[in-house]
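The block underneath contains the structure these notes are about, expressed in structure tokens.
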Amino acid sequence: MFGFEIKFKTRLKNLASTLAIITVSSAFIYAQTGISTIQPKNEVEEKFKQIAPKVGERFKLGLLKLQKNQRREAKEEFDKAVELFLESRINLRNTKEFASCYDQLIETIYRIEFPSYKAKPDIKFLSATCRWDRDNDPSNDIDDNLIQSINSILFDNSTLAQSKKSELPSKDDCKSGFDCQRFEPSPLDELAKLELTPEEKIIDERQYELIKVASQNRSLGFAFQVHPMIQQFINYYQGRGRQTMEVGLYRSGMFMRMARRIFREEGLPENLAWLGQVESMWKPTALSHASASGLWQFIPSTGARFGLKQNVYVDERNSFENATRAAARYLKFLVNRYNGNWELALAAYNAGEGAVDRAISRAGVANFWYAYPYLPKETRNYVPSILATILIANNPQRYGFSHIRPAAPLEYDLVRVPPSTNLSLVAQASDTTLEYIRFLNPEFRTTKTPPEPYIVRVPRGKADEVVAVLKRARSVNQENIAVVKVMKGETLEDVARRLGVSVDQLRAVNGNEIAKDMKIIVPNAIKRTSYQRPLNEPSATISTKPKVVKARKGDTIRKIAQRYKVSAVETGRLNGITLDAPLQEGREIRLP
Numbered sequence: 007m008f009g010f011e012i013k014f015k016t017r018l019k020n021l022a023s024t025l026a027i028i029t030v031s032s033a034f035i036y037a038q039t040g041i042s043t044i045q046p047k048n049e050v051e052e053k054f055k056q057i058a059p060k061v062g063e064r065f066k067l068g069l070l071k072l073q074k075n076q077r078r079e080a081k082e083e084f085d086k087a088v089e090l091f092l093e094s095r096i097n098l099r100n101t102k103e104f105a106s107c108y109d110q111l112i113e114t115i116y117r118i119e120f121p122s123y124k125a126k127p128d129i130k131f132l133s134a135t136c137r138w139d140r141d142n143d144p145s146n147d148i149d150d151n152l153i154q155s156i157n158s159i160l161f162d163n164s165t166l167a168q169s170k171k172s173e174l175p176s177k178d179d180c181k182s183g184f185d186c187q188r189f190e191p192s193p194l195d196e197l198a199k200l201e202l203t204p205e206e207k208i209i210d211e212r213q214y215e216l217i218k219v220a221s222q223n224r225s226l227g228f229a230f231q232v233h234p235m236i237q238q239f240i241n242y243y244q245g246r247g248r249q250t251m252e253v254g255l256y257r258s259g260m261f262m263r264m265a266r267r268i269f270r271e272e273g274l275p276e277n278l279a280w281l282g283q284v285e286s287m288w289k290p291t292a293l294s295h296a297s298a299s300g301l302w303q304f305i306p307s308t309g310a311r312f313g314l315k316q317n318v319y320v321d322e323r324n325s326f327e328n329a330t331r332a333a334a335r336y337l338k339f340l341v342n343r344y345n346g347n348w349e350l351a352l353a354a355y356n357a358g359e360g361a362v363d364r365a366i367s368r369a370g371v372a373n374f375w376y377a378y379p380y381l382p383k384e385t386r387n388y389v390p391s392i393l394a395t396i397l398i399a400n401n402p403q404r405y406g407f408s409h410i411r412p413a414a415p416l417e418y419d420l421v422r423v424p425p426s427t428n429l430s431l432v433a434q435a436s437d438t439t440l441e442y443i444r445f446l447n448p449e450f451r452t453t454k455t456p457p458e459p460y461i462v463r464v465p466r467g468k469a470d471e472v473v474a475v476l477k478r479a480r481s482v483n484q485e486n487i488a489v490v491k492v493m494k495g496e497t498l499e500d501v502a503r504r505l506g507v508s509v510d511q512l513r514a515v516n517g518n519e520i521a522k523d524m525k526i527i528v529p530n531a532i533k534r535t536s537y538q539r540p541l542n543e544p545s546a547t548i549s550t551k552p553k554v555v556k557a558r559k560g561d562t563i564r565k566i567a568q569r570y571k572v573s574a575v576e577t578g579r580l581n582g583i584t585l586d587a588p589l590q591e592g593r594e595i596r597l598p
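Using the numbering used here, the first residue of the sequence shown is number 7, and each one after it goes up by one.
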């Protein structure tokens, strides 16, 4: 996520019934006025003619700044280009010209921010989509020389030294992009290269019979066609892919309850939510070589198509609930498109409708296994991998994974915060770290919320405290304040003396009445005495560099814990493995 693993127990309650969305103040609820869902075509066309050139000017200025290696200034120009659309008061989704230009702008900026050899920014196509290639457009001189110069900057050896290996931004070097949103590799990149061994292709007739029974009885909740490759991927996950399956089953506990609920609400078989394991290994910040991102690996254009906001402030492809609902709706669209054929729907989720349609056309029949030879390699592995994962997840004992205990569901409250709220203030108000707040809210691209009211996830049970602090913080500059807790028996004068500020300063922001454990705001962040906020961790701590060891032949969690003099229970909980389960030699084990 951000270079660390979260080790604490958390639970995700059913958001429909138990997560109260707490509003900081009615003053923060702004109506989006002036946005009409239906507008005359000539009015929209005229608006587009006015805005598109201005967007093009800003985008070109960003390219020129980037050409001079002025990355911060380039980011500002790209941000302004996007903001021109957001401030246009035109319904983008209902206006084809605006939607196409906006979607392509977002995707191009994204690919500039996170360079990938396999998904370079198509500036020429953006220019044509937004009509910047017209003679009367002031941005029409985005010529080949400028584009070549930009590509040279983005894809030289120094900028992508880390990207050659993983195609992802380095944690310690944000120079290749314009913000420091953290990402992890997507398991899809490995799936695209996977070759099954001869041993893995051997079919166990008893296990194969179980697949036939599941298909005949529709015990998984949907129809699928039995094929040897499903069994072969089960073999893979029982052997050299075991660690991948174990980690996925463990991490699924954090999100699967939420995913099942949303898939059920959208009218989909709940077991299809296991798609998230193959897509991202349940990592909200997974990023693939093709710039697909989040739990459900949306590319920018498909994310925008299904309502996921992507702008300078947030990328909702990395959100929990919004991205999950978008994935469910996309799958529903696809299965309807392919007349109830789930294999084809899953293939299209991975490769796109165009690739699947072409494969069907060449095969002459709308059947995944007939179209199989004409599909991309990743997709050929993708569909049987998902079916194998669902079968294993539904019967872990039979397939040798009974020792895996899924992580506890992620637990948090939702708070509606005012525009441009500093996440560090939210962290202080909820007794946790900025890193944990960003872990709970991976869609944020910076440490501030968007310039509009927004829902933020905070540690479970901390919503009221966050609301109270944010109410008092309205009248002060959030960049220059700190939050401290009142100690037992302290008066306002005692607090002022301890912190080195005047009583009047504290009273102006916090009022006259204070109580034990109350959080008060210190203006201008003037403090004489340092204090340490407790972390919101029920049973463990956050380690930025956790120690990892490799299991030896015959090892168990209990043996490793004894060897390294750590708690066996904590080690088992951290890795999601029972204490005496035999470990595969070479398996990486994280120590508390």
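All C-beta atoms, glycine included, are put in the ideal place defined by N, C-alpha and C. No experiment lies behind these values; they were computed from the predicted model shown.
For residue j and residue i, the rounded distance between their alpha carbons
i: ILE443; j: VAL464; result: 7 Å
i: PRO59; j: GLU103; result: 13 Å
i: ARG248; j: PRO412; result: 15 Å
i: GLU599; j: THR135; result: Because the chain spans 7 through 598 in this model, residue 599 falls outside it and cannot be assessed.
i: ALA574; j: VAL528; result: 43 Å
i: ASN400; j: LYS86; result: 49 Å
i: ALA567; j: VAL555; result: 11 Å
i: ASN518; j: MET262; result: 47 Å
i: ARG335; j: GLY313; result: 10 Å
i: GLN73; j: SER297; result: 23 Å
i: ILE156; j: PHE131; result: 15 Å
i: PHE189; j: ASP510; result: 45 Å
i: LEU194; j: SER286; result: 7 Å
i: THR203; j: GLU271; result: 40 Å
i: ARG64; j: ARG266; result: 43 Å
i: LYS66; j: LYS454; result: 26 Å
i: ASP500; j: ALA474; result: 21 Å
i: ARG513; j: GLN154; result: 59 Å
i: PHE269; j: ALA329; result: 12 Å
i: GLU327; j: SER508; result: 44 Å
i: ARG246; j: VAL492; result: 55 Å
i: GLY592; j: ALA333; result: 35 Å
i: GLN110; j: PRO382; result: 24 Å
i: ARG77; j: VAL318; result: 15 Å
Same chain only: Cβ atoms within 7 Å of residue i, ignoring 5 sequence neighbours per side
i: VAL572; result: LEU597, PRO598
i: SER133; result: ASP139, ILE148
i: LYS71; result: GLU79, ALA80, GLU83
i: ASP561; result: LEU589
i: CYS107; result: ALA58, THR135, CYS136
i: TRP375; result: GLN231, HIS233
Candidates the options, of which the one nearest residue i by Cα
i: ILE159; options: ASN75, ARG593, THR562, GLU83; result: ASN75
i: GLN403; options: ALA198, GLN213, ILE208; result: GLN213
i: GLY273; options: LEU293, GLY346, LYS218; result: GLY346
i: ARG368; options: PHE374, GLN590, GLY358, TYR380; result: TYR380
i: ALA435; options: LYS553, VAL490, PRO448; result: VAL490
i: ARG605; options: MET264, TRP288, ILE487; result: Because the chain spans 7 through 598 in this model, residue 605 falls outside it and cannot be assessed.
i: LEU278; options: LEU512, PHE230, LEU69; result: PHE230
i: LYS199; options: LYS126, GLY360, GLY245, HIS295; result: HIS295
i: ASN483; options: ILE153, ILE129, LEU431; result: LEU431
i: TYR388; options: LEU197, SER299, VAL232; result: LEU197
i: SER221; options: ILE268, ARG564, PHE445, ILE396; result: ILE396
Cβ-Cβ distance between residue i and residue j below 7 Å
i: ALA557; j: ILE595; result: yes
i: ILE217; j: PRO234; result: no
i: ILE112; j: LEU90; result: no
i: LEU350; j: TYR344; result: yes
i: ASN342; j: PRO290; result: no
i: ARG451; j: ASP321; result: yes
i: ASP419; j: ALA469; result: yes
i: GLU417; j: ARG386; result: no
Cβ-based neighbour list, residue i, same chain, cut-off 8 Å, excluding 5 preceding and 5 following
i: ARG534; result: Here ARG534 scores only 37 on pLDDT, less than 50, and its place in the model is too uncertain to base an answer on.
i: GLU485; result: ASN428
i: PHE407; result: MET251, GLU252, LEU255, ILE398
i: ALA521; result: VAL492
Close-in-space but distant-in-sequence residues of the same chain around residue i (CB under 6 Å, 5 per side omitted)
i: ALA377; result: ALA365, ILE366, ALA369
i: PRO540; result: Per-residue confidence for PRO540 stands at a pLDDT of 36, beneath the threshold of 50, marking its modelled position as unreliable; the derived number appears in the next sentence. If we look at PRO540 and ignore the five residues flanking it on each side, its Cβ neighbours are ASP437.
i: PHE228; result: PRO275, TRP348
i: PRO448; result: PRO290, THR291, ASN324
Contact between the region 408-427 and the region 473-482 (3+ Cβ pairs under 8 Å): yes
Would you be able to state if there are at least three C-beta pairs under 8 Å between the region 250-257 and the region 301-312? no
Does the region 382-393 touch the region 425-439, meaning 3 or more C-beta pairs lie closer than 8 Å? no
Does the structure place the region 235-245 close enough to the region 290-304 that three or more beta carbon pairs sit under 8 Å? no
At a cut of 8 Å, does the region 491-498 reach the region 446-466 through at least three beta carbon pairs? no
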